[in-house]
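Peer 1:
There are 2 protein chains.
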Amino acid sequence: MKLYNFFRSGTSFRVRIALNLKGLPYVYQPVHLPKGEHRQDAYRAISPDSLVPTLDVQGDPDQALLSQSMAIIEYLDETHPTPPLLPADALGRAQVRALAQTVACEIHPINNLRILKYLVGTLKLSDEQRNDWYNHWTVEGLKSYERRLQDLARQRAAAGLPPSVYSYGDTPTLADCCLVPQVVNGTRFGLVYEDLPLTMAAFDACMKLPAFEQAHPRNCPDFEA
Amino acid sequence: MKLYNFFRSGTSFRVRIALNLKGLPYVYQPVHLPKGEHRQDAYRAISPDSLVPTLDVQGDPDQALLSQSMAIIEYLDETHPTPPLLPADALGRAQVRALAQTVACEIHPINNLRILKYLVGTLKLSDEQRNDWYNHWTVEGLKSYERRLQDLARQRAAAGLPPSVYSYGDTPTLADCCLVPQVVNGTRFGLVYEDLPLTMAAFDACMKLPAFEQAHPRNCPDFEA
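Sequence lines, in order, name chains C and V. At position 163 of the first sequence the residue is numbered 188 (the working numbering), and the sequence of numbers has no breaks. At position 63 of the second sequence the residue is numbered 88 (the working numbering), and the sequence of numbers has no breaks.
(1) Under the three-state reduction of DSSP, which class applies to leucine 28 of chain C: helix, strand or coil?
(2) What span of residues does the alpha helix (DSSP H) with aspartate 102 of chain V cover, start to end?
(3) Could you check the C-alpha separation between phenylalanine 32 of chain V and methionine 225 of chain C for me, to the nearest Å?
(4) Pick helix, strand or coil for glutamine 83 of chain V, following the three-state DSSP scheme.
(5) By alpha-carbon positions, which one of C:Val190, C:Asn244, C:Ser34, C:Leu150 ends up nearest to phenylalanine 228 of chain C?
(6) Please state if the CB of lysine 27 of chain V and the CB of glutamine 65 of chain V are separated by a distance shorter than 9 angstroms.
(7) Can you find the residues in the same chain that come closer than 8 angstroms, C-beta to C-beta, to isoleucine 98 of chain V, ignoring five residues on each side of it along the sequence?
(8) Mind checking if methionine 225 of chain C is an interface residue toward chain V, Cβ cutoff 9 angstroms exclusive?
(9) Going by DSSP, what residue range makes up the beta strand (DSSP E) through proline 206 of chain C?
(10) Going by the CB atoms, is the gap between tyrosine 159 of chain V and glycine 81 of chain V shorter than 9 angstroms?
(11) Which one of C:Phe248, C:Asp247, C:Arg243, C:Lys233 has the shortest CA to CA distance from leucine 46 of chain C?
(12) Which of helix, strand or coil does DSSP assign to valine 121 of chain V?
(13) Would you decide whether proline 102 of chain C is buried or exposed? Buried here means 16 or more other CB atoms lie within 10 Å of its CB.
(14) With 8 angstroms as the limit, tell me which residues of the stretch 80-97 of chain V have their beta carbon closer than that to any beta carbon of chain C; keep them in chain order.
(15) Report the CB separation of leucine 141 of chain V from arginine 155 of chain V in whole angstroms; it is logged as a contact under 8 angstroms.
(16) Relative to chain C, which residues along the stretch 168-190 of chain V have a C-beta separation below 7 angstroms, given in chain order?
(17) Between which two residues does the alpha helix (DSSP H) harbouring proline 112 of chain C extend?
(18) Quick one: list the residues of chain V neighbouring isoleucine 135 of chain C, beta-carbon separation under 8 angstroms, in chain order.
(19) With distances taken from CA atoms, which of C:Leu49, C:Gly84, C:Ser34, C:Gln83 is nearest histidine 63 of chain C?
(20) Considering only the alpha carbon of each residue, which of V:Ala183, V:Thr104, V:Ala119, V:Asp74 lies closest to cysteine 130 of chain C?
(21) Check whether the stretch 116-135 of chain V touches the stretch 162-172 of chain V, taking contact to mean three or more Cβ pairs, one atom from each stretch, closer than 8 angstroms.
(22) Nearest chain B C-beta to glutamate 238 of chain C closer than 9 angstroms, yes or no?
(23) If we define contact as Cβ-Cβ less than 9 angstroms, is proline 46 of chain C a contact residue for chain V?
(24) Given that a residue counts as buried once 16 or more other Cβ atoms are within 10 Å of its Cβ, and exposed if not, what is serine 151 of chain V?
(25) Closer than 9 angstroms, Cβ to Cβ, to anything on chain C: give me those residues from the stretch 107-130 of chain V, in chain order.
(26) Within 10 angstroms of its Cβ, does valine 77 of chain V collect 16 or more other Cβ (buried), or is it exposed?
(27) Assuming tyrosine 100 of chain C and valine 128 of chain C make a contact with CB atoms under 8 angstroms, what is their CB distance in whole Å?
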């Protein structure tokens with residue numbers, strides 16, 4: 026498999042984590058977003074929407090170029106089921122997907138590079154307004170994430186289950202693949218995470234695992250300080 | 026089942042379509058977003074993040090409050106498999122999910138009510154700037170959607186398959202549940218859809234089905250002109 030991605034891209038980071046958790050080797054193919062490599066013809070032939078990541082599953086039963094990080098991770102989970110990144114029951118899967126989508130639909134899309142560029146480039150907002158924007162939506166979204174974890178913790182306690190180690194249960198899931206890159210990204214903007222005890226406990230537990238640490242931007246071959 | 030939702034909410038519309046396609050009866054519980062009902066304590070007890078839709082699957086094997094529209098639709102597809110809203114093969118599922126996420130992660134989050142309010146209320150942008158914003162991201166996203174459909178059409182033709190009737194194949198999928206509300210929403214902002222032949226053909230095919238037409242905002246009990 027070959028992953029077209031960029032070290033700082035949060036959606037790329039999600040897929041790197043999933044590949045590592047599954048123990049799947051892959052070729053790391055950097056696409057330099059600030060230099061605009063994703064908009065050049067060579068990459069447009071790979072990705073019709075000029076977005077990273079793209080996973081080329083050559084060698085897998087399917088020969089295809091896959092895009093959209095959550096769709097890629099679900100594909101990997103279906104074709105390489107061990108270890109699972111979603112619970113075995115439908116309700117658990119719904120809860121993990123809702124956590125993942127809290128990041129992937131409520132935080133990340135509003136705060137990615139092209140949006141921040143539009144705010145400053147087209148709308149002529151100041152860097153301060155841009156950073157306030159980033160922080161506002163990230164904090165709002167992570168508070169939602171925390172409320173979900175608190176709800177799930179109450180449900181587990183009521184059912185006599187021990188507290189979750191990660192976002193959902195005692196193994197990392199699709200939710201953690203989305204959470205960790207968002208938290209890491211926020212630190213670039215100087216965000217200090219307060220009042221997010223369960224969220225940050227899940228983050229800390231993940232970062233102790235090599236699969237997460239090795240996928241971190243600072244450990245990518247195209248990393249720039 | 027009871028669906029907490031709002032007639033004009035695109036994510037609510039997605040779930041209404043899926044419930045109709047599955048032939049599942051539900052109680053329609055309106056939550057008036059412009060009046061701020063989603064932020065009141067009564068609804069906060071239902072939805073920790075004050076977002077619609079929430080599906081209360083009382084009566085289903087699980088007694089739970091589900092949120093995030095794509096997670097809800099996948100839950101419905103798993104617990105009520107007929108008719109399926111995702112293809113039977115992993116690659117097909119990845120492609121349908123990627124289409125759905127092109128709407129759900131690349132268009133809708135940037136253009137929903139709270140974002141548009143922030144642009145005008147907090148950033149003091151003009152209505153014209155807000156509408157330009159809306160149109161820019163919707164058009165960009167639907168162009169991506171169209172490029173995906175063109176790619177898939179080429180793949181089908183190469184495999185000797187007939188053209189898709191809907192976004193993917195000859196039955197509606199999760200992708201159509203996301204596409205149709207986005208297209209309908211754009212018309213409120215005066216968007217004219219050009220150069221989207223496959224996308225609009227899929228939209229038109231969907232709107233001929235009662236499941237889509239009955240889920241349309243104009244046919245909701247809380248509809249306001």
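Ideal placement from N, C-alpha and C gives every residue a C-beta, glycine not left out.
Peer 2: Straight from the coordinates:
(1) In the first sequence, residue 28 of chain C corresponds to position 3, counting from 1. Strand, per DSSP.
(2) Along the second sequence, read from residue 1 onward, the residue named residue 102 of chain V stands at position 77. Its alpha helix (DSSP H) spans residues 94-104.
(3) Along the second sequence, one-based indexing puts residue 32 of chain V at 7. Along the first sequence, one-based indexing puts residue 225 of chain C at 200. Near 36 angstroms, if we compare the C-alpha coordinates of methionine 225 of chain C and phenylalanine 32 of chain V.
(4) As a working note, residue 83 of chain V is residue 58 in the second sequence. Three-state DSSP puts glutamine 83 of chain V in coil, outside helix and strand.
(5) Here residue 228 of chain C refers to the residue found at position 203 of the first sequence. With distances taken between Cα atoms, phenylalanine 228 of chain C lies closest to C:Val190.
(6) Looking up residue 65 of chain V in the second sequence gives position 40. Looking up residue 27 of chain V in the second sequence gives position 2. Their beta carbons are not under 9 angstroms apart, which means glutamine 65 of chain V does not touch lysine 27 of chain V by this criterion.
(7) Stepping through the second sequence from its first residue, residue 98 of chain V is reached at position 73. The beta carbon of isoleucine 98 of chain V sits closer than 8 angstroms to those of Arg39, Val40, Ala43, Leu110, Leu199, Cys202, all from its chain and outside the five residues before and after it, given in chain order.
(8) Residue 225 of chain C sits at position 200 when you count from the first residue of the first sequence. Not closer than 9 angstroms to any Cβ of chain V, the Cβ of methionine 225 of chain C fails to qualify, so no.
(9) Counting from one through the first sequence, the residue named residue 206 of chain C turns up at place 181. Element bounds for proline 206 of chain C: not the beta strand (DSSP E) but the alpha helix (DSSP H), 199-213.
(10) Position 56 of the second sequence, counted from the start, is the residue given in the question as residue 81 of chain V. Position 134 of the second sequence, counted from the start, is the residue given in the question as residue 159 of chain V. The sequence shown places aspartate at residue 81 of chain V, rather than the glycine named in the question. The answer is no: Cβ separation not under 9 angstroms.
(11) Numbered from 1 along the first sequence, position 21 holds the residue referred to as residue 46 of chain C. Cα-wise, what sits closest to leucine 46 of chain C is C:Lys233.
(12) Translated into the one-based positions of the second sequence, residue 121 of chain V becomes position 96. Valine 121 of chain V falls in the helix class under three-state DSSP.
(13) For the purposes of this step, residue 102 of chain C is taken as residue 77 along the first sequence, with counting starting at 1. Sequence check: residue 102 of chain C is aspartate here, not proline. Classification of aspartate 102 of chain C: buried, given that the 10 Å Cβ count is 16 or more.
(14) Asp87, Ala89, Leu91, Ser92, Gln93, Met95, Ala96, Ile97
(15) The count along the second sequence starts at 1 and reaches residue 141 of chain V at position 116. The count along the second sequence starts at 1 and reaches residue 155 of chain V at position 130. Right, the Cβ-Cβ distance comes to about 6 angstroms (below 8 angstroms), so this counts as a contact.
(16) Ser169, Arg172, Arg173, Asp176
(17) Taking the first residue of the first sequence as 1, we reach residue 112 of chain C at position 87. Careful: proline 112 of chain C lies outside any alpha helix (DSSP H) and carries neither H nor E.
(18) The residue you call residue 135 of chain C lines up with position 110 of the first sequence. Under the 8 angstroms cutoff, chain V gives Pro134, Ile135, Ile140.
(19) Counted from its first residue, the first sequence places residue 63 of chain C at position 38. Closest option to histidine 63 of chain C, Cα to Cα, is C:Ser34.
(20) To locate residue 130 of chain C, count along the first sequence from 1; it is residue 105. Closest option to cysteine 130 of chain C, Cα to Cα, is V:Asp74.
(21) yes
(22) In the structure shown, chain B does not exist; the protein chains are C and V.
(23) Counting from 1 along the first sequence, the entry for residue 46 of chain C is found at position 21. What sits at residue 46 of chain C in the sequence shown is leucine, not proline. No, its Cβ sits nowhere closer than 9 angstroms to a Cβ of chain V.
(24) Along the second sequence, one-based indexing puts residue 151 of chain V at 126. Burial call: exposed.
(25) Asp114, Ala115, Leu116, Arg118, Ala119, Gln120, Val121, Arg122, Ala123, Leu124, Ala125, Gln126, Thr127, Ala129, Cys130
(26) As a first step, residue 77 of chain V is located in the second sequence; it is residue number 52 there, counting from the start. With 16 or more other Cβ atoms within 10 Å, it is buried.
(27) By one-based count along the first sequence, residue 100 of chain C stands at place 75. By one-based count along the first sequence, residue 128 of chain C stands at place 103. Actually they are not in contact, since the Cβ atoms of tyrosine 100 of chain C and valine 128 of chain C sit about 19 angstroms apart, beyond 8 angstroms.
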